[in-house]
Amino acid sequence: MSIYPSLLVRDSARYWKRKPFQALLSIVLLAFGSAAVAVLWTITDTVVRQPLPFPESDKLYGIQSVDEKTGKVVNFMALADFRDFRERQQSFTGMFGYRMQFLNFKDKSDNTRQLLGSRVTRDFADVLKVHTEFGNFFSDDDFASEAARSVVISNRLWREEFNSDPSAIGQSIWLDEAAYQVVGVMPKAFNEPSFVDLWTPFPDVTGEYFVRDARYWNVVARLAPGVTETAAKQELGQIANDLEEQFPGTNRRRGATMDTLQTIIVGDYSTPLLLILVAVSLVMFATCLNLANIQLISGLQRRSENGVRQAIGESPKQAMARAFMESCAICFVGCGLGWLLSWAFIVNMDSIMPALFLPRLHEIGLSGSLGWTIGVIALLSSVSFGLLPALQVIHSNTNDIIKSGENRHGLSRESGRSRTALLVGQIAVAVAILQAALLVVHEYRRLRDLDLGFNEEKLMMITVSPGEARMFDLPGLAAFYSEVDDWLENRSEVSSTVLASSPPLAGFDLEFGFQMNGRDLAAEREEAITAVYNTVSNDYLDKLDIKLVAGRSFNEWDNRESQKVAMVNQAFVDKFLTAGEDPMSQQVQIMPWLVPDFRQIVGVVGEYAQTNVTDDPKPMILVPYEQSPWVFVTYVTSVRNLDTFNALQFETEMKQRYPEVGISMESIDSVLERQLSIQTLMYLVFVGFGTATLLLSLFGIGSQMAFNVSERSREWGIRLALGAKIGQLNALVIRRLVVPLSVGCLLGIGLFAASFKFHGRLGGELDILFFGASFLLISVIVLASVATTWFVSDRITRSNPQEVLRSI
-9 MSIYPSLLVR
1 DSARYWKRKP
11 FQALLSIVLL
21 AFGSAAVAVL
31 WTITDTVVRQ
41 PLPFPESDKL
51 YGIQSVDEKT
61 GKVVNFMALA
71 DFRDFRERQQ
81 SFTGMFGYRM
91 QFLNFKDKSD
101 NTRQLLGSRV
111 TRDFADVLKV
121 HTEFGNFFSD
131 DDFASEAARS
141 VVISNRLWRE
151 EFNSDPSAIG
161 QSIWLDEAAY
171 QVVGVMPKAF
181 NEPSFVDLWT
191 PFPDVTGEYF
201 VRDARYWNVV
211 ARLAPGVTET
221 AAKQELGQIA
231 NDLEEQFPGT
241 NRRRGATMDT
251 LQTIIVGDYS
261 TPLLLILVAV
271 SLVMFATCLN
281 LANIQLISGL
291 QRRSENGVRQ
301 AIGESPKQAM
311 ARAFMESCAI
321 CFVGCGLGWL
331 LSWAFIVNMD
341 SIMPALFLPR
351 LHEIGLSGSL
361 GWTIGVIALL
371 SSVSFGLLPA
381 LQVIHSNTND
391 IIKSGENRHG
401 LSRESGRSRT
411 ALLVGQIAVA
421 VAILQAALLV
431 VHEYRRLRDL
441 DLGFNEEKLM
451 MITVSPGEAR
461 MFDLPGLAAF
471 YSEVDDWLEN
481 RSEVSSTVLA
491 SSPPLAGFDL
501 EFGFQMNGRD
511 LAAEREEAIT
521 AVYNTVSNDY
531 LDKLDIKLVA
541 GRSFNEWDNR
551 ESQKVAMVNQ
561 AFVDKFLTAG
571 EDPMSQQVQI
581 MPWLVPDFRQ
591 IVGVVGEYAQ
601 TNVTDDPKPM
611 ILVPYEQSPW
621 VFVTYVTSVR
631 NLDTFNALQF
641 ETEMKQRYPE
651 VGISMESIDS
661 VLERQLSIQT
671 LMYLVFVGFG
681 TATLLLSLFG
691 IGSQMAFNVS
701 ERSREWGIRL
711 ALGAKIGQLN
721 ALVIRRLVVP
731 LSVGCLLGIG
741 LFAASFKFHG
751 RLGGELDILF
761 FGASFLLISV
771 IVLASVATTW
781 FVSDRITRSN
791 PQEVLRSI
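Take the working numbering: the final residue in the sequence shown is number 798, and no numbers are missing along the way.
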């Protein structure tokens, strides 16, 4: 008898036609499992592994600033330091800096909206080796202080505002109430920095090049041919040491290092993505174990058919091919459907998860990797759950099969060990994934339940940006902010409002160097001295219920004509003042290029969530906005009824009232969701797939126990004839579950313990609450397994005890 593929396919189709539910279940499980693995692999591969979309991107490095006292590395540098590094270095072919900026863009309908832009220095395009799709990037003349305003726009903005018209080059757009000439359009694939729609040139000569205590510039460089990373780092360190000697007040213990641009862009997202991919892959593995168990049991139930086939001349090789083809047919149909699901997800990814803040998300798309990923999954799935049933067929003895007929008592010990091993594997994977899910849930709930240090109920965050052109018009800015504050307070929907340049959960830090009157903190602490600058309204603490630890808050007497005052937070006191030292006896100076006066400290503020939920508070200096307004502020607004508040209508009316100003609005709940987006994704993935794994394991246990009971039908008949109770027979079945269940739980705990160091990088902690919940979780798994086994055994035994007795 020859092996014809067409015959194998036909036999497989006939077999699965006889068991449609089993075939459908297998296809659905494989489809969703393979789609999940393929999508997550595509996302992880694009974000973490694929090179950046620039020529020779492995030569691109981000230059970083290092606090040599604490070892903390930040991706920001003062513009004056950048200038010195660029002029003194010899290890790079080029170096540029950029910083983010919010620009008020007036569209063709005269509606103003806020866009994210980037100020870039000379050599931006040369270092990245990028070209515009239309027009040109900035020329050398565009970086002159007296040059006309020019802008390069993103491909998205070009399509939306100019309808993809190439004649957009040379036209003007309005940004911050000034006309900018469009000189170029970037390619669709270009998105550096991320989420930017506008690039504007930063002049070669400006006063900011002399500021060393304001570190908010990113620096990127391209490594020169023949220069090693080690040599470049040594040169950067030497330049940093030279700057420390020249400028000890701002650069003390301020080192420099570098890392690949890809590592800096991906940041802390690689570990969560890899963990999610591993978790989903384990679920897929558990699915294959379950299907292998089903296939193995199905093959054992067809022993008579296999015996007849072998008796009439079917060779072991042919029998193995037939059994394997049955598994492969289901596997490739399921994975084919999984490819369609993953294709639909990736095509519609922007609408499915628009709030997920992932770097390089725009680069994810359909590619050949998706197809071969599904192919690999299909091949591995076929081998993992199709090979064992196929091997079981060729190990069967034809004479024993024919003699035993439909009875199961003649099954080999090898089949029993195989089924037990599959059962142990399912339980181990389920326990490991559920333990990891428990840790993720524990950490997620801890973050959600944290005391933020302020009253976050019914808050809307309204960001107002008059534009950098007004930056030095301090009286005008203060008057404008007061006008907006009065307008908000008079709205019937609003119960209260306060403003701040660094509001709670801002997502950014306005961190600048500062000095204390009569003290050289840099020399005392041997480090660069910085604090977060926050310009706030007088009632900021009262209306947000932020604790005042000592002294007083601001009042109406703290205006532009009065003595300059400030408050500091507890982190400032703990770091810069000695025990017992009175903060109210100190004076601080911050941003002297705006306000040169020293400020009298009048109060100490309690800690609250500044930048995000996870980071510890940084030292902060708070000043009254009437004395020192910032170029943009956020009105933290409490509404009376959040359920009936129409945010879209409110924002529209506010923009109509102030048409020349960039205004954006977001609820505090939305801010929290965005900041915890990766934790939320992990929470949903681990809980969802952990639950799916547990259900799969219980299904596998039920199938296994059902077969075990039917396998021992003759023994059961004898025991019933001798007076045994059904409950006693159920207990015998459960005793057979004890060993694989115990071994599986121990293996699962071992797998989780071995991988805990990776979970720990996400902030997970093994506290008493976790251990209690872990014990409860394993107890639930054990009880669910026992209950499933008891239910299946009891149902089969009670369904027709007379038939069981007749099997003797």
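Every residue gets a Cβ at the ideal spot worked out from N, C-alpha and C, and that includes glycine. Predicted, not measured: the structure shown is a model, and the values here were computed from it.
- At a Cβ-Cβ threshold of 7 angstroms, Met557 and Leu612 count as neighbours.
- Using a Cβ distance threshold of 7 angstroms, Ala334 and Tyr199 do not count as a contacting pair.
- Here the alpha carbons of Gly690 and Leu500 stand approximately 56 angstroms from one another.
- Listed in chain order, the beta strand (DSSP E) runs fully inside the segment 11 to 36 amount to none, counting runs of at least 3 residues.
- The alpha carbon of Ser575 has as its nearest neighbour, out of Val539, Gly596, Asp605, Met506, the alpha carbon of Met506.
- CA-CA distance, Asp532 to Val595, rounds to 11 angstroms.
- When DSSP states are grouped into helix, strand and coil, Arg139 belongs to the coil group.
- By DSSP's assignment, Val661 forms no beta bridge with any residue.
- Under the three-state reduction of DSSP output, Arg481 falls in the coil class, being neither helix nor strand.
- C-alpha of Met90 to C-alpha of Met315: approximately 58 angstroms in a straight line.
- With respect to the 7 angstroms criterion, Ser491 and Thr525 are classified as neighbours on the basis of their beta carbons.
- For Leu30, the CB contacts under 7 angstroms within the same chain, skipping 5 residues up- and downstream, are Ile266, Leu267, Val270 in chain order.
- If you look at Pro730, you'll find it isn't in any beta strand (DSSP E); it sits in the alpha helix (DSSP H) that goes 716 to 744.
- Look at the segment 444 to 516 and you find these whole runs of beta strand (DSSP E), each 3 residues long or longer: 449 to 455, 484 to 490, 501 to 506.
- By DSSP's assignment, Ala556 forms a beta bridge with Ile591.
- With respect to the C-alpha of Gly197, the residue from Phe462, Leu722, Val209 having the closest C-alpha is Phe462.
- With contacts defined as CB atoms closer than 7 angstroms, Asp48 and Phe86 fail to qualify as a contacting pair.
- Contact between Gln560 and Glu597 holds, since their C-beta atoms are separated by about 5 angstroms, short of 8 angstroms.
- At the C-beta level, Val186 and Leu118 stay beyond 7 angstroms of one another.
- When DSSP states are grouped into helix, strand and coil, Asp132 belongs to the helix group.
- At the C-beta level, Asn545 and Asn528 come within 7 angstroms of one another.
- Taking a 10 Å sphere around the C-beta of Leu281, we find 16 or more other C-beta atoms and assign the residue as buried.
- By the 16-neighbour rule on beta-carbons within 10 angstroms, Gln665 is buried.
- Two segments are said to touch when three or more pairs of C-beta atoms, one from each, lie closer than 8 angstroms; by this definition the segment 507 to 526 does not touch the segment 653 to 661.
- Shown here, Val626 sits in a strand according to DSSP, grouped into three states.
- Out of Gln646, Gly324, Pro582, Val256, the CA that lies nearest to the CA of Gln617 is found in Pro582.
- Annotated three-state conformation of Asp249 is strand, per DSSP.
- Under the three-state reduction of DSSP, Asn153 is assigned to coil, being neither helix nor strand.
- Counting only residues of its own chain and dropping the five nearest sequence neighbours on each side, Leu538 has a CB closer than 8 angstroms to the CB of Leu531, Gly593, Val594, Val595, Gly596.
- In this structure, the CA atom of Pro41 is about 7 angstroms from the CA atom of Gln252.
- In the DSSP annotation of this structure, the continuous segment of the beta strand (DSSP E) that includes Ile53 starts and ends at 50 to 57.
- For Ile229, the CB contacts under 6 angstroms within the same chain, skipping 5 residues up- and downstream, are Phe75, Arg78 in chain order.
- Judged by DSSP in its simplified three-state form, Gly596 adopts coil rather than helix or strand.
- CA-CA distance, Leu413 to Asn445, rounds to 51 angstroms.
- In summary, Gln416 is buried, with 16 or more beta-carbon neighbours lying within 10 Å of its beta-carbon over all protein chains present.
- Straight across, the Cα-Cα distance linking Ala427 with Ala469 is about 52 angstroms.
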